[in-house]
Structure formats: C-alpha cells, structure tokens
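Here the structure is laid out as structure tokens; the discussion comes afterwards.
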C-alpha cells in the first residue's frame, strides 16, 4: 500500500482561522489602512508607557527648563510658560486623549448598537420613537450639543475625565444607530431569522444570537471612525475650557497655550506638538476606518 493511500487526511482549517487570514490578506493590500495602523501603533505604545519614553509627568515644581524656551537639544519641542518640557507633556497627553477616545467610543457603540438593533428588529412604535430620538440628535450639531450638555452634566462640579467621556458618548451615538438599524432591517428578513422564529426563539435571543454576530464587521468599522471623532471632540471641548484642567490632554495643552498667549508671543512650539498629534490620530483612524469599511463591506467601495 502506498504512502499516499495510507496518509491520514488533514482536517479542514477552522472557518474563523480562514476568515482571519482572508481579512489580513485583503487588508494588507490597502496602503491607507497600513499607514493608519502604523501611526496608531506608535501612539498606542506612547500612551501605554509615557514615563518609559520621557520620564514622569513634569509639573510647576519639577519643570526642567526656562519659560517658553524654543526647541533646542535639551528640549526638542521647547517648553511651556512654566518651563515644562513640551515633549514630556505631549507624550503624557497621548494617554489622556487616547483613553478618553476609547471610553467614549465604547459608550457610543453600546448605545448606538443597542438602539439600532432594537429599533430595526422590533419596528412599530419602538422604531418610530427611537428613530425620532435619533433624528433629534442627528439634526443638532454634535459639537454644539456637547458644549451645551457639558455644563448641565457638571452641575457646578469640576470637570473630570468621566464627565467628558459621558458627554462625548451621549452626543455621538445617533449615526451609529442609524447605520445599524438599516442593516438590521435587511437581516431580520433573512431565512435564518425566520427559522429561529418558527422554532419559538424569543426576540431577545434572536437579536443576541443571530442579528448581533452578523453586524460585528459593521460595528468594528463604525467604532474606528467614532474613535477619531471622540478624540477630536475631546480636544475641542478642552480647548474652549470645558476639559479637566488637571490632566494634560492634547486639548488641555492647547487651551493652556492660548491662555498663556503663545500665539501672540509666536511660541509656535507650544501649539504645534499637540495640534499635530491630534491631526495625525484623527487622520490615522479615518484611514483605518475607510480601509476596514471597504474590506469588510466590499459593496461600500463600489458606492464611492
């Protein structure tokens, strides 16, 4: 008997493994996605261990330079009005801004996905009410709404990171809800959902076990784009004075530069580092989000 005849056939590769490799292969062809991921990896590493790269966060007591020193060998990004190293502040600011973006995105996804699934699957009065509420948030500019809600949620209490996270999360879920609902309206008419109804599966279980797994790709792509919006919104709120003054987020650094009169003093090094970081992160998330949308939803590429 030949060796080929006696060879044990290899088991088929797991479906999830094949899907992951297929996704990686398609994503690797997207130059914009690769560039975006590379930028985000750099910022993620800085956010995870800022002290490893630039030392502990400097304050007014531990400032290592003279006020508003321009970039030099000792201070690559210059110093602020207190003499704190701008490289130190910018790297530590990455942790605050990225954390706020992550937490706000989680709130946005949970609220938006929940409302979108319930509205699209149940329909009727639930759909009418939830979509009316969604339209209210869509009509109002998100940034203006966040500015209006922040003082109300503060209730006279000092602004904290938690407040900023909640404000961003509660003002940016509407687009996600609309997108998820449109997909659920299509999925609930599929045969596998009809079979689940026939065997007596309840609406809650159908939404969890049959609808949610089929929109994960859409949720991931939408979450990436939402992260970019959250970082930008946090920067805007902090820049106008609605952020936490005791945390060096990029927006708070820009606010401090404005209050110190950096533009009038031509201290561009006080403004450029955090501003460039915000732009890079927002652009990176947008590139990754667009690449994911095209890879996970090929039909979207044809509509562009």
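In our numbering, the protein residues as written are 821 to 1124. Glycine residues also receive a C-beta, built at the ideal position from the N, C-alpha and C atoms.
With respect to residue 1048, residue 957 sits apart: the two C-beta atoms are not nearer than 8 Å. Looking at 1054, 1021 and 905, the one whose alpha-carbon comes closest to that of residue 964 is 1054. By the neighbour-count criterion, in which a residue is buried when 16 or more other Cβ atoms sit within 10 angstroms of its Cβ, residue 881 is exposed.
The beta-bridge partner set that DSSP reports for residue 899 consists of 905.
Scanning 1115, 883 and 937 for the CA closest to the CA of residue 1028 turns up 937. Pairing residue 894 with residue 903 gives a Cβ-Cβ distance that is not under 8 Å. Per DSSP, reduced to three states, the secondary structure at residue 858 is helical.
Around the beta carbon of residue 1058, a 10 Å sphere encloses 16 or more other beta carbons of the protein chains shown; the residue is thus reported as buried. Here residue 861 is actually not in contact with residue 923; their C-beta atoms are around 20 Å apart, not less than 8 Å. Within the same chain, Cβ atoms closer than 6 Å to the Cβ of residue 1050 are found at 921, 924, 925 and 988, the five residues on either side in sequence being excluded.
Positions of the alpha helix (DSSP H) runs, each at least 4 residues long and wholly inside the segment 974-1029, are given as 981-991, 994-1007, 1011-1018 and 1023-1026 in order along the chain. Contact between the segment 906-919 and the segment 942-961 is absent: fewer than 3 CB-CB pairs across the two stretches fall below 8 Å. Distance from the CA of residue 1100 to the CA of residue 878, rounded to the nearest whole angstrom, comes to 24 Å.
In the three-state DSSP reduction, residue 1098 falls in the helix class (H, G or I). When Cβ pairs closer than 8 Å are counted between the two stretches, the segment 1056-1074 is seen to touch the segment 1085-1098, the count reaching three or more. The C-alpha of residue 888 is placed about 7 Å away from the C-alpha of residue 1087.
With a beta-carbon spacing of about 6 Å, residue 1111 and residue 847 fall inside the 8 Å limit used to define contacts. The Cβ atoms of residue 1005 and residue 1013 lie no closer than 8 Å to each other.
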